[in-house]
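Residue numbers 5 to 102, in the numbering used here, belong to the letters of the sequence shown in order.
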Amino acid sequence: MADLEPMWGEAALVEGTQIALVRLQGETVHAVSQWDPYARANVMSRGIVGSKAGRPTLASPIHKQPYDLATGQCLSDEALQLKSYPVRVEAGFVEVKV
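Structure, rendered in structure tokens:
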């Protein structure tokens with residue numbers, strides 16, 4: 005957990021699945037697919053962390069579509085969605101269920 009910078013994304017490979025990990029302020033960590041369905045590239049860990057209507061978001065670094073970090077739903081195009089993964093932090097380690 006200490007290796008994750010707040011408000012920044014990091015790429016991880018979990019059981020062969022490319023994940024974008026995003027640590028918010030404090031202890032909250034979200035995990036979504038690294039695959040950007042609009043740009044068709046594994047780039048989401050380089051996205052822009054922000055918020056919209058009080059919900060934490062991750063915007064595509066290529067075309068800037070914002071995705072809800074909790075659900076993976078694109079907020080500008082209902083047809084787009086990132087897969088989201090359950091995350092927990094135990095003893096300083098981030099665990100992602102794929």
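Glycine is no exception: its CB is placed at the ideal position from the N, C-alpha and C atoms.
Quiz item: With distances taken between CB atoms, is the gap from Leu73 to Val100 smaller than 8 Å?
Solution: no
Quiz prompt | Rounded distance between the beta-carbons of Lys56 and Leu79, thought under 8 Å | solution = 6 Å
Quiz item: Buried or exposed: Ile23, going by 16 or more other Cβ atoms within 10 Å of its Cβ?
Solution: buried
Quiz item: Contact check, Val53 vs Val26 under 8 Å by CB: the rounded distance?
Solution: 6 Å
Exercise. For Asp81, I'd like the list of residues in its chain whose CB is within less than 8 Å of its CB, leaving aside the five on either flank, ordered along the chain.
Key: Tyr42, Gln69
Self-check item: Beta-carbon separation (whole angstroms), Met13 vs Leu86, contact threshold 8 Å
Solution: The question names Met, but residue 13 is Gly in the sequence shown. That belief does not hold up - the Cβ atoms of Gly13 and Leu86 are roughly 12 Å apart, past 8 Å.
Quiz prompt | Whole-angstrom distance between Gly58 and Gln77, CA atom to CA atom | solution = 15 Å
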